[in-house]
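Reviewing the structure listed below.
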Amino acid sequence: METSKDRKTLSCKPIGYIYSPYKGKADTPKNGNERPDTEAVIELIDEYKEGMADMRPGEKFIVLFWFDRSDNVEMTVPFHGEGPMTGLFSTHAPARPNPIGVSTISVTRIDGVKIYFTGADMFDGTPVLDIKSAGHD
């Protein structure tokens, strides 16, 4: 098997955007469990609407998103922002070499290309990269 140590550039494009009440770091929870009842919306780009088929309120989904306002990547960070220094890859810190975020959400309703959900821990305007089922019972 051949491997290459050359760094390749990958590209991706948003499938939609998150609209949440969180405008900045100070008011955004570290995870969706901190404010589980806060509702937010994913608005998909129209061309991805068909991908919403079979999504239902009450189901859980995994959302992959882009930490578009992160910078200053450090390989060690304070645990939960204030604890002991911890290796970056052992945390959910937003400043990463590839700033991809992941959250599990609960869908509350669907209206057109809008997915209303609880469990938000993303800034308003955050680009969404993908949505995946969190599994079916």
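One point on numbering: in our numbering, the residue at position 105 of the sequence shown is 134, and numbering is uninterrupted. Note that the Cβ used here is the ideal one computed from N, Cα and C, for glycine as well. Since we're looking at a predicted model, the values are computed, not measured.
(message) residue 147 and residue 134 - do their beta-carbons sit closer together than 8 Å?
(response) Counting from 1 along the sequence shown, the entry for residue 134 is found at position 105. Counting from 1 along the sequence shown, the entry for residue 147 is found at position 118. For residue 134 and residue 147, yes; Cβs fall inside 8 Å.
(message) Applying the 10 Å Cβ sphere with the 16-neighbour rule, what's the burial state of residue 122?
(response) Locating residue 122 in the sequence shown gives position 93, counting from the first residue. Result: buried.
(request) Could you please give the first and the last residue of the uninterrupted beta strand (DSSP E) stretch that includes residue 122? (result) As a working mapping, residue 122 is identified with position 93 in the sequence shown. It is not in any beta strand (DSSP E) - residue 122 carries neither H nor E in the DSSP assignment.
(request) For the beta strand (DSSP E) holding residue 102, just list the boundary residues, first then last. (result) Counting from one through the sequence shown, the residue named residue 102 turns up at place 73. Taken as a continuous stretch (DSSP letters only), residue 102 belongs to no beta strand (DSSP E), as it is neither H nor E.
(request) Enumerate in chain order the residues of its own chain whose CB-to-CB distance from residue 74 is below 8 Å, with the five nearest sequence positions on each side excluded. (result) In the sequence shown, the residue the question calls residue 74 occupies position 45. Result list for residue 74: 43, 44, 45 and 142, in chain order.
(message) What residue range does the beta strand (DSSP E) around residue 156 cover?
(response) Within the sequence shown, the letter at position 127 stands for residue 156. Per DSSP, residue 156 belongs to the beta strand (DSSP E) from 156 to 162.
(request) Please state whether DSSP places residue 118 in a helix, a strand or coil. (result) Taking the first residue of the sequence shown as 1, we reach residue 118 at position 89. Reduced to three states, the DSSP call for residue 118 is helix.
(request) Using only alpha-carbon positions, find the residue among 35, 80, 162 and 81 that is nearest to residue 131. (result) The count along the sequence shown starts at 1 and reaches residue 131 at position 102. That would be 162, whose Cα lies nearest to the Cα of residue 131.
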